[in-house]
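For the sequence shown, this note's numbering assigns the number 509 to the initial residue and increments by one for each residue that follows. By construction, the Cβ of each residue, glycine as well, lies at the ideal position given by its N, Cα and C atoms. To keep things clear, I will list the structure first and then write my remarks on it.
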Amino acid sequence: MTTKNIAVFPGSFDPVTIGHEEIVRRGLGLFEQIIVAVGENAGKREFLDLALRVALIRKVFRDEPRVRVESYTGLTVDYCERVGASFLLRGLRTAADFEYERAVGQINRAMNARVETIFLLTSPRHTFISSSIVKDILLNGGDASPFLPSHVTREDLKFNI
Ligand code: ADP
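What follows is the structure in structure tokens.
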């Protein structure tokens, strides 16, 4: 078989953090191509608009031809089929992440058993980093740069307070 092993890394990335960046870079050791798929999360209020979230992630991986960044709507497993991906990549930080991801992963598998979910454990130094914490720091005028990929600057983050 010569099919490329492609993984989709789905999320809201609102905004992208060094935790996300690390999972993608490590994933490149496992997959030939990674598609970072930026979706709407019905349960979360949007901080940065979708186009800006995509643009920021493209900036982070602009020198990495094996990473593609797209937005998507609909079921993640349907998106995997559309782009020919056999793997769904997710990052795990805590037991709470695990409980949530277990449910989502099992439901995704029930819907489409051709797509396997693969989890990478975050590095200990990134365990506490989440988009919502970074968002709170930014909204309160703090310095979020230690948690943002080095390509992302304060000026890139155009949000309305
Ligand atoms: P979602 O809204 O789908 O949870 P997120 O953008 O919050 O999207 O997260 C996307 C993926 O990145 C998830 O698998 C999440 O567990 C993972 N992730 C988020 N923050 C980190 C981090 N600090 N280290 C490792 N993985 C992370």
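Can you have a look at residue i and say buried or exposed, based on whether 16 or more other CB atoms are within 10 angstroms of its CB?
i	result
F655	buried
D522	buried
Y587	buried
I542	buried
E529	buried
S640	exposed
G537	exposed
F636	exposed
L647	exposed
Assuming residue i and residue j form a contact by the criterion Cβ under 8 Å, report the distance between their Cβ atoms to the nearest whole angstrom.
i	j	result
V591	V516	7 Å
A593	I514	4 Å
R561	V546	5 Å
T625	G613	4 Å
K508	V660	Look at the range of the chain in this structure, 509 to 669, and you will see that residue 508 is not part of it.
H634	G519	That pair is no contact at about 14 Å.
In chain order, what residues of the same chain have a beta carbon less than 8 Å from the beta carbon of residue i, not counting five sequence neighbours either side?
i	result
V585	L596, N616, M619, N620, V623
P642	Reading off the sequence shown, one finds Val at residue 642, where the question assumed Pro. If we look at V642 and ignore the five residues flanking it on each side, its Cβ neighbours are P523, T525, A652, F655, L656.
Considering only DSSP beta bridges, list what residue i is partnered with.
i	result
P654	In the DSSP output, where bridge partners are listed per residue, P654 has none listed.
A515	I542, F595
L547	Here the sequence assigns Gly to residue 547, which means Leu is not the residue at that position. In the DSSP output, where bridge partners are listed per residue, G547 has Y580.
Between which residues of its own chain and residue i is the CB-CB distance below 6 Å, once the five residues before and five after are set aside?
i	result
G599	I531, L628, T630
F670	This structure does not reach residue 670, given that the chain is present from 509 up to 669, and the question cannot be answered.
E540	K512, N513
Y580	A545, G547, Y587
Keeping to the same chain, check which residues put their C-beta closer than 7 Å to that of residue i; ignore five residues upstream and five downstream.
i	result
K666	L560
G535	A515, F517, I542, L597, L628
_beta strand (DSSP E) runs contained entirely in the stretch 555–634, provided each spans 3 or more residues_ = 575–580, 595–600, 624–629
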